[in-house]
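In numbering that gives the first Met the number 0, the protein residues as written are 0 to 434. From the three backbone atoms N, C-alpha and C, an ideal C-beta is built for every residue, glycine too. In what follows, a structure is listed as structure tokens, so that the remarks can point back to it.
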Amino acid sequence: MSSTNTSTQRQWIAEQARKHPERVFTTLHRCMDLEWMQEAYRLTRKDGAAGIDGVTAADYEQDLEGNLLDLLGRIKSGRYIAPPVRRHYIPKADGTERPLGIPTFEDKVAQRAIVMLLEPVYEADFLPSSHGFRPGRSAHDALHAVREGVMEGKRWVIDADISKYFDTIPHQHLREFLDLRIKDGVVRRMLDKWLKAGVLDKGTLLRTGKGTPQGGVISPLLSNLYLHYVLDQWFEREVQPRLRGNGLLVRYADDAVMLFENDRDGQRVLAVLAKRLGRYGLRLHPDKTRYLDFRPPQASGRGTDATFDFLGFTHYWVRSRQGYPVVRQTTAKQRFARAMRTVNEWCRRHRHDAVAQQRAHLASVLRGHGNYYGLKGNSARLSSFHHQVVRTWRKWLSRRSRKSRLNWDKMRELLRQHPLPRPRVRHATTAPLFL
């Protein structure tokens, strides 16, 4: 299954978008052929839950070429019907439930095919301040940008929280922003169908004029597009030129931090930020949005010892070995506690599984946790997580039966036979290697 032609077409779209920032694309759908759909299928995750039709990736693959040709024909002719997203609930740490959207597998492939058309266009438009759900960018890049910005002297912080962002994006404004770049009839028809498809919640079909399609790959791109115009461009074109000092916006999806050299600048931006978002149907969370004096504590009493959380990390000041104030980023307490609750619940439910199977799962958990939280300066929290996982595993192994009580000598012997990986943090704001 070759994707050479598809790659060439996407490069052409990206080149046109860069050369002509005002161009409105009207015939993008002509790039879509069987090879394009095969590449969309290849990029679609195959291990997700089935949607409302019950069709899995394995089912779809039995007549893959026929299914993809049929899907392509329905997309281009307008006969494609976007199915509702199946809503599933998972428990949250506070006792409430978090809704998840599960599209059908074919709908995921269709969304991926359209994303492949739109992504080259908007990657040419998106600004460096945006890090979320973009090729070649990650949460670690956003964390690095925040740390560097503070270290460079931008120490007045707006920690912005947009209330229920993905559920409240008004479709009218979203369509107006799409008009600026995309007027391809096939693409816009597909986007409209996804916006109108609704959610099947416990047998009830719910439709609304707000929000992006839940659970699909099109949703992150549309949400990035919306905040690109509402927040990123506004900050660069309207806010930055009016600041007395330097300012910086760092955004990952709907999580945004603004940094300022000047207190007055920060206060002025905070005063108009809610109005700016409100103009486009969004609202700042009144309790979670904060304005911070994040200067390092000084012997003279200047500054504060305030902290703020961003992308699962708590940011605070410490003294380096040379005695200089530096920003440290460590696993946020809530994220640490949530991860441990998940481990505890898994060990409880799977305590009767074979030890080798348990070890394989816990090793995967440790690698995943470390690959995200393994920033320089966070080794103590990583070690603590490893220790707590071992303690939890021992606790539930001891409860397999009345005779299975494990003391620490026996647990250490078990770990020699079934070792868990230990984190090794790289000396950079990137993920660690587990050895």
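Separation of residue j from residue i, as counted between CA atoms
i      : j      : result
Phe384 : Lys163 : 30 Å
Lys182 : Thr26  : 8 Å
Phe24  : Val185 : 12 Å
Thr167 : Thr391 : 40 Å
Tyr225 : Leu173 : 6 Å
His351 : Ala362 : 17 Å
Leu396 : Ser382 : 21 Å
Glu412 : Arg398 : 18 Å
Arg421 : Thr313 : 22 Å
Val54  : Arg78  : 20 Å
Arg243 : Val268 : 12 Å
Lys435 : Leu291 : The first residue shown for the chain is 0 and the last is 434, placing residue 435 beyond what the model contains.
Pro296 : Ala252 : 31 Å
Val388 : Gly311 : 19 Å
Val326 : Glu147 : 9 Å
Pro240 : Leu248 : 14 Å
Arg85  : Leu374 : 37 Å
Distance cut-off 7 Å: residue i Cβ against heavy atoms of the ligand GDP
i     : result
Arg44 : Absent from the structure shown: the ligand GDP. Ligands present: none.
Where the beta strand (DSSP E) containing residue i begins and where it ends
i      : result
Thr329 : 324-330
Asp69  : No beta strand (DSSP E) contains Asp69, which is instead part of the alpha helix (DSSP H) from 63-76.
Ala159 : 155-160
Cross-strand partners of residue i (DSSP beta bridge)
i      : result
Thr203 : Asp200
Ser129 : Arg250
Ile181 : Phe24
Arg318 : Pro324
Phe307 : His314
Arg86  : Gly100
DSSP-derived helix/strand/coil call for residue i
i      : result
Val54  : coil
Thr313 : strand
Asp286 : coil
Phe293 : coil
Val256 : strand
Arg100 : Here the sequence assigns Gly to residue 100, which means Arg is not the residue at that position. Of the three classes helix, strand and coil, the one that applies to Gly100 here is strand, per DSSP.
Ile168 : coil
Ile12  : helix
Thr342 : Contrary to the premise, residue 342 reads as Val rather than Thr in this sequence. In the structure shown, Val342 sits in a helix (DSSP, three-state: H, G or I).
Ser299 : Confidence in Ser299 is poor, its pLDDT being 40 and thus under 50, which makes the residue's placement unreliable; the coordinate value appears in the next sentence. It is coil, neither helix nor strand.
Pro134 : coil
Val424 : coil
Arg398 : coil
Ile80  : coil
Lys163 : coil
Arg241 : helix
Asp32  : coil
Lys209 : strand
Arg236 : helix
Arg188 : helix
Leu434 : Reliability of the predicted coordinates at Leu434 is poor, the pLDDT of 35 falling under 50, and no value is obtained from them.
Leu381 : helix
Ser6   : helix
Leu281 : coil
Start-to-end residues for the alpha helix (DSSP H) that takes in residue i
i      : result
Val149 : 138-150
Ala362 : 354-372
Ala112 : 104-124
Asp46  : Here Asp46 belongs to no alpha helix (DSSP H), and DSSP marks it neither H nor E.
Val268 : 262-278
Arg411 : 407-416
Met218 : Rather than Met, the amino acid found at residue 218 in this sequence is Ser. Here the alpha helix (DSSP H) through Ser218 covers 217-226.
Proximity test, Cβ basis, 8 Å: residue i and chain D
i      : result
Thr313 : As a matter of chain content, chain D is missing from the structure shown, which is built from one protein chain.
Exercise. So does the stretch 52-67 actually touch the stretch 117-130, counting three or more Cβ pairs closer than 8 Å?
Worked result: Not touching, per the Cβ criterion.
Exercise. Is the stretch 223-235 touching the stretch 128-139 in the sense that three or more CB pairs, one from each, lie closer than 8 Å?
Worked result: Touching, yes, given that three or more Cβ pairs across the two stretches are closer than 8 Å.
Problem set entry | the stretch 187-201 in contact with the stretch 250-260 per 3-pair CB rule at 8 Å | No, the stretch 187-201 is not in contact with the stretch 250-260.
Exercise. Is it a yes or a no for the stretch 42-52 touching the stretch 152-169, going by three-plus beta-carbon pairs under 8 Å?
Worked result: Contact fails: fewer than three Cβ-Cβ distances are below 8 Å.
Exercise. Does the count of Cβ pairs from the stretch 235-244 and the stretch 276-286 closer than 8 Å reach three?
Worked result: Using a Cβ-Cβ distance cut-off of 8 Å, the stretch 235-244 and the stretch 276-286 are not in contact, since fewer than three pairs of beta carbons, one from each stretch, lie closer than that value.
For this session: Specify whether the stretch 27-44 and the stretch 3-15 touch according to this definition: at least 3 beta carbon pairs, one from each stretch, less than 8 Å apart.
Result: Of all C-beta pairs linking the stretch 27-44 to the stretch 3-15, three or more are shorter than 8 Å, placing the two stretches in contact.
Exercise. Counting Cβ pairs closer than 8 Å, one from the stretch 366-380 and one from the stretch 405-419, do we hit at least three?
Worked result: Segments in contact, no.
Exercise. Any chance the stretch 213-221 sits against the stretch 99-110, with 3 or more Cβ pairs inside 8 Å?
Worked result: The stretch 213-221 makes contact with the stretch 99-110: 3 or more CB pairs, one atom from each, lie closer than 8 Å.
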